[in-house]
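This report refers to the structure that appears directly beneath it.
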Amino acid sequence: MNEHLVPDPLDVLRASDPVDPDRLSSASLARIRARVMEDVMTDPVARQAAPRRFLRLGLAAGGVAALALVLIVSRGVPSLGPGGGVGPGSASCVAPYSGPASIVARTFAFDGTVTAIDGETVSFTVNQAYRGTTASSISLNALGMTGNAITSAGGPNLRIGERYLVAGDDHFAWACGYTQSYDAAVAATWAAAAH
Amino acid sequence: MDDRQRFHAAFEAHQRRVLAYVLRRVASAPDAEDAAADTWVVAWRRVDRLPDSDALPWLLAIARRVIANQRRGRERQSRLTIRLQRESRPPLGPDSENPALDTLESLPADDRELLRLLAWDGLTHVEAGAVLGISPNAVAIRLHRARKRFAEAFAKGSGSSRTSGGVEDQKPGRRLFGAKRP
């Protein structure tokens with residue numbers, strides 16, 4: 013039979029696999045993670061709220077970015093407490109910031125001052141690096157933390173000249189408490205946790 | 002463990018496999034990112050059905066539908082737009098003439114998907130059946146036929162004549178990233 017004249021097709025195909033899951037682009041993974049975090053993990057809607065679920069279904073067709081926009085704008089801007097806790101009626105995250113130990117799970121963490129904002133790209137001067145970077149300045153994608161109309165659930169509205177504690181992965185600053193307004197006491201706990 | 006924790010655990014465990022799955026099946030890296038992100042959005046919407054263990058087949062079944070919807074959306078676009086997208090894709094490297102991949106592309110869609118699930122996504126017959134919505138017995142029957150068709154086409158070298166039909170016939174965005182190196 014023909015299938016015995018050539019190697020097992022599955023073996024032939026395994027040798028020709030065009031994608032290696034261990035070599036995926038970290039930037040691509042980070043972009044997906046950021047989108048999921050923005051659109052799903054910060055979903056402020058109770059799972060049981062049927063009418064809102066239908067709203068989300070319709071919005072999903074229009075793109076996940078629009079989903080985040082409408083949900084966040086329609087509910088106002090959730091705020092983040094000084095310690096990173098989420099205020100009443102605001103969003104929660106699947107992987108929320110739960111204190112200084114949380115930053116160990118992120119690839120970088122630093123104390124920085126915003127020097128420029130271009131769309132979602134935010135440049136920081138690094139005042140003190142806690143982990144993952146030795147640069148004196150760094151530019152990051154801060155999805156949902158820039159601009160006036162769209163502010164991320166669980167993230168501050170970043171402004172030039174202001175100082176923040178920032179943690180994230182790859183080229184992305186995370187919301188959900190990982191990026192927050194600078195507080196000396198919290199900064200000290202980040203420094204301790206990172207060492 | 003609440004819904005968010007279950008979702009987060011699944012995301013951390015399977016995000017690479019989900020992205021790899023879509024990369025093998027869509028025409029471009031941006032499309033793959035869209036499909037992967039949309040897969041997780043849908044998974045979250047249906048988190049009450051997220052299996053507590055072995056969630057990958059369930060996730061890939063969602064990804065499969067997301068990709069199908071993505072393709073249908075593209076098919077609704079004008080022929081000119083599709084042609085421009087095709088032309089804008091990065092040129093395939095020398096390995097675009099890989100006989101195994103060309104043979105795979107020449108097979109019927111059902112055969113192609115089953116072989117990819119087993120060979121590339123590393124699923125068992127039971128898991129592949131869960132993705133395709135068929136029984137393990139049906140998987141075994143289809144696999145027997147798919148193997149035979151692949152072997153015949155591979156032996157004849159029919160894969161060397163690449164098809165260039167609609168979106169369904171487009172090659173996946175291979176070697177765009179996550180590419181295997183020699």
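Protein sequence lines, in the order shown, are assigned to chains A and B. Taking the numbering used here, the leading residue of the first sequence gets 13, the next gets one more, and so forth. Taking the numbering used here, the leading residue of the second sequence gets 2, the next gets one more, and so forth. C-beta: ideal position from N, C-alpha, C; glycine also.
Of the residues that make up the stretch 176-187 of chain A, which ones have a beta carbon closer than 7 Å to any beta carbon in chain B?
Per Cβ criterion, the list is empty.
Looking only at C-alpha atoms, which of Glu-34(B), Leu-102(B), Gln-71(B) and Phe-151(B) sits nearest to Arg-18(B)?
In the second sequence, residue 18(B) corresponds to position 17, counting from 1. Answer by Cα proximity: Glu-34(B).
By the 7 Å beta-carbon criterion, what residues does the stretch 10-27 of chain B contribute toward chain A?
Listed by position, the residues of the stretch 10-27 of chain B near chain A (Cβ gap below 7 Å) are Phe-12, Gln-16, Arg-17, Arg-18, Leu-20, Ala-21, Leu-24 and Arg-25.
Can you name the start and end residues of the beta strand (DSSP E) that Asp-123(A) belongs to?
Your numbering for residue 123(A) matches position 111 in the first sequence. Counted as a single uninterrupted DSSP element, the beta strand (DSSP E) harbouring Asp-123(A) occupies residues 120-130.
N- and C-terminal bounds of the beta strand (DSSP E) containing Ala-141(A):
To locate residue 141(A), count along the first sequence from 1; it is residue 129. That run of the beta strand (DSSP E) goes 133-143.
Can you list, in chain order, the residues of the stretch 32-59 of chain B whose Cβ is nearer than 9 Å to any Cβ on chain A?
Of all residues in the stretch 32-59 of chain B, the ones placed with a Cβ closer than 9 Å to any Cβ belonging to chain A are Ala-33, Glu-34, Asp-35, Ala-37, Ala-38, Asp-39, Trp-41, Val-42, Val-43, Ala-44, Trp-45, Arg-46, Val-48 and Asp-49, in chain order.
DSSP-derived helix/strand/coil call for Ala-179(A):
On the first sequence, residue 179(A) is found 167 positions in, with the first residue counted as 1. Reduced to three states, the DSSP call for Ala-179(A) is strand.
Separation of Ile-135(B) from Leu-20(B), as counted between CA atoms
Your numbering for residue 20(B) matches position 19 in the second sequence. Your numbering for residue 135(B) matches position 134 in the second sequence. Taking the straight line from one Cα to the other gives about 23 Å.
Per-residue DSSP class, three states only, for Asp-32(A):
The count along the first sequence starts at 1 and reaches residue 32(A) at position 20. Residue state, collapsed to three classes: coil.
Flag Val-116(A) as yes if its beta-carbon sits less than 8 Å from any beta-carbon of chain B, otherwise no.
Within the first sequence, numbered from 1, the residue matching residue 116(A) stands at position 104. Under the 8 Å criterion on CB atoms, Val-116(A) is classed as non-interfacial with respect to chain B.
By the three-class DSSP mapping on this structure, what secondary structure does Ala-209(B) have?
Outside the modelled stretch of chain B, which goes from 2 to 183, sits residue 209(B), for which no answer is possible.
Taking the alpha-carbon positions, what's the Leu-36(A) to Ala-30(B) distance?
Counting from one through the first sequence, the residue named residue 36(A) turns up at place 24. Counting from one through the second sequence, the residue named residue 30(B) turns up at place 29. Roughly 11 Å separates the two Cα atoms.
Is Val-132(B) near Arg-75(B), with beta carbons less than 8 Å apart?
Residue 132(B) sits at position 131 when you count from the first residue of the second sequence. Residue 75(B) sits at position 74 when you count from the first residue of the second sequence. Cβ atoms of Val-132(B) and Arg-75(B): not closer than 8 Å.
From the beta carbon of Leu-105(B), is the nearest beta carbon of chain A less than 8 Å away?
Sequence index remark: in the second sequence, residue 105(B) carries index 104 (1-based). For Leu-105(B), the nearest CB of chain A lies under 8 Å from its own CB, placing it at the interface with that chain.
Status (buried if at least 16 other CB within 10 Å, exposed otherwise) for Asp-39(B)
The count along the second sequence starts at 1 and reaches residue 39(B) at position 38. The residue is buried, with at least 16 neighbouring Cβ atoms inside 10 Å.
Using the three-state DSSP reduction, which class does Arg-155(A) fall into: helix, strand or coil?
One-based indexing of the first sequence puts residue 155(A) at position 143. Reading off the sequence shown, one finds Leu at residue 155(A), where the question assumed Arg. Reduced to three states, the DSSP call for Leu-155(A) is coil.
Uninterrupted alpha helix (DSSP H) stretches inside the stretch 52-77 of chain B (no shorter than 4 residues)
Segments of the alpha helix (DSSP H) lying fully in the stretch 52-77 of chain B: 57-76.
Within 7 Å: the Cβ of Ser-107(B) and any heavy atom of the ligand ADP?
This structure does not include the ligand ADP; it has no bound ligands of any sort.
Cβ-Cβ distance between Trp-202(A) and Leu-170(A) below 8 Å
Here residue 202(A) refers to the residue found at position 190 when the first sequence is read from its first residue. Here residue 170(A) refers to the residue found at position 158 when the first sequence is read from its first residue. The Cβ-Cβ distance between Trp-202(A) and Leu-170(A) does not fall below 8 Å.
Is there a C-beta anywhere in chain A that falls below 8 Å from the one on Ala-101(B)?
As a first step, residue 101(B) is located in the second sequence; it is residue number 100 there, counting from the start. Contact with chain A is found for Ala-101(B), since one of that chain's Cβ atoms lies less than 8 Å from the residue's Cβ.
Determine the closest residue to Asp-32(A) out of Asp-122(B), His-126(B) and Phe-8(B), with distance taken between C-alpha atoms.
One-based indexing of the first sequence puts residue 32(A) at position 20. The shortest Cα separation from Asp-32(A) among Asp-122(B), His-126(B) and Phe-8(B) belongs to Asp-122(B).
His-126(B), enclosing alpha helix (DSSP H) - first and last residue
The residue labelled residue 126(B) in the question sits at position 125 within the second sequence. 126-133 is the extent of the alpha helix (DSSP H) around His-126(B).
Rounded to the nearest angstrom, what separates Trp-186(A) and Val-140(B) at their Cα positions?
Here the question's residue 186(A) lines up with position 174 in the first sequence. Here the question's residue 140(B) lines up with position 139 in the second sequence. The alpha-carbon atoms of Trp-186(A) and Val-140(B) are separated by roughly 42 Å.
Does the separation of the CB atoms of Tyr-190(A) and Asp-123(A) fall below 8 Å?
To locate residue 190(A), count along the first sequence from 1; it is residue 178. To locate residue 123(A), count along the first sequence from 1; it is residue 111. No; because the gap between Cβ atoms is not below 8 Å, this pair is not in contact.
Contact criterion: CB-CB distance below 8 Å. Does Leu-155(A) meet it with respect to chain B?
Walking along the first sequence from the start, residue 155(A) turns up at place 143. Chain B places no beta carbon closer than 8 Å to that of Leu-155(A), leaving this residue out of the contacts.
Please determine, among Gln-192(A), Asp-20(A) and Leu-25(A), the residue with the shortest C-alpha to C-alpha distance to Pro-168(A).
Residue numbering aside, residue 168(A) sits at position 156 when the first sequence is read from its first letter. Restricting attention to Gln-192(A), Asp-20(A) and Leu-25(A), the CA atom closest to the CA of Pro-168(A) is found in Gln-192(A).
Beta carbon of Ala-36(B) nearer than 8 Å to that of Val-23(B)
Walking along the second sequence from the start, residue 36(B) turns up at place 35. Walking along the second sequence from the start, residue 23(B) turns up at place 22. Yes. Within cutoff.
Step through the CB atoms of chain B and report whether any lies within less than 8 Å of the CB of Pro-21(A).
Within the first sequence, the letter at position 9 stands for residue 21(A). Closer than 8 Å to the CB of Pro-21(A) there is at least one CB belonging to chain B.
Have a look at Arg-175(A) and Val-126(A) and give me their C-alpha separation to the nearest angstrom.
Your numbering for residue 175(A) matches position 163 in the first sequence. Your numbering for residue 126(A) matches position 114 in the first sequence. Straight-line Cα distance between these residues: approximately 6 Å.
Closest residue to Tyr-109(A) among Asp-20(A), Ser-28(A) and Cys-188(A) (Cα-Cα distance):
Working through the first sequence from its first residue, we reach residue 109(A) at position 97. For Tyr-109(A), the closest of Asp-20(A), Ser-28(A) and Cys-188(A) by C-alpha to C-alpha distance is Cys-188(A).
Less than 8 Å between CB atoms is the rule here; does Ile-44(A) satisfy it with respect to chain B?
Counting from 1 along the first sequence, the entry for residue 44(A) is found at position 32. Judged by the 8 Å Cβ criterion, Ile-44(A) is in contact with chain B.
Closest by CA to Lys-157(B), which one among His-145(B), Asp-103(B) and Leu-118(B)?
The count along the second sequence starts at 1 and reaches residue 157(B) at position 156. For the residues His-145(B), Asp-103(B) and Leu-118(B), the minimum Cα distance to Lys-157(B) belongs to Asp-103(B).
Output yes if chain C places a C-beta closer than 8 Å to the C-beta of Arg-143(A); else output no.
Going by chain labels, chain C is absent from the structure shown, which instead holds the protein chains A and B.
Do you know whose CA, among Thr-133(A), His-207(A) and Phe-184(A), lies nearest Ala-42(A)'s CA?
The residue you call residue 42(A) lines up with position 30 of the first sequence. Across the set Thr-133(A), His-207(A) and Phe-184(A), the C-alpha of Phe-184(A) shows the shortest separation from the C-alpha of Ala-42(A).
Looking only at its chain, what residues have a beta carbon closer than 8 Å to the beta carbon of Ala-113(A), apart from the 5 residues adjacent to it on each side?
For this step, residue 113(A) is matched to residue 101 along the first sequence. Within the same chain, Ala-113(A) has close Cβ partners Ala-205.
DSSP on Ser-136(B), reduced to helix/strand/coil?
Indexing the second sequence from 1 puts residue 136(B) at position 135. In this structure, Ser-136(B) counts as coil in the three-state DSSP scheme.
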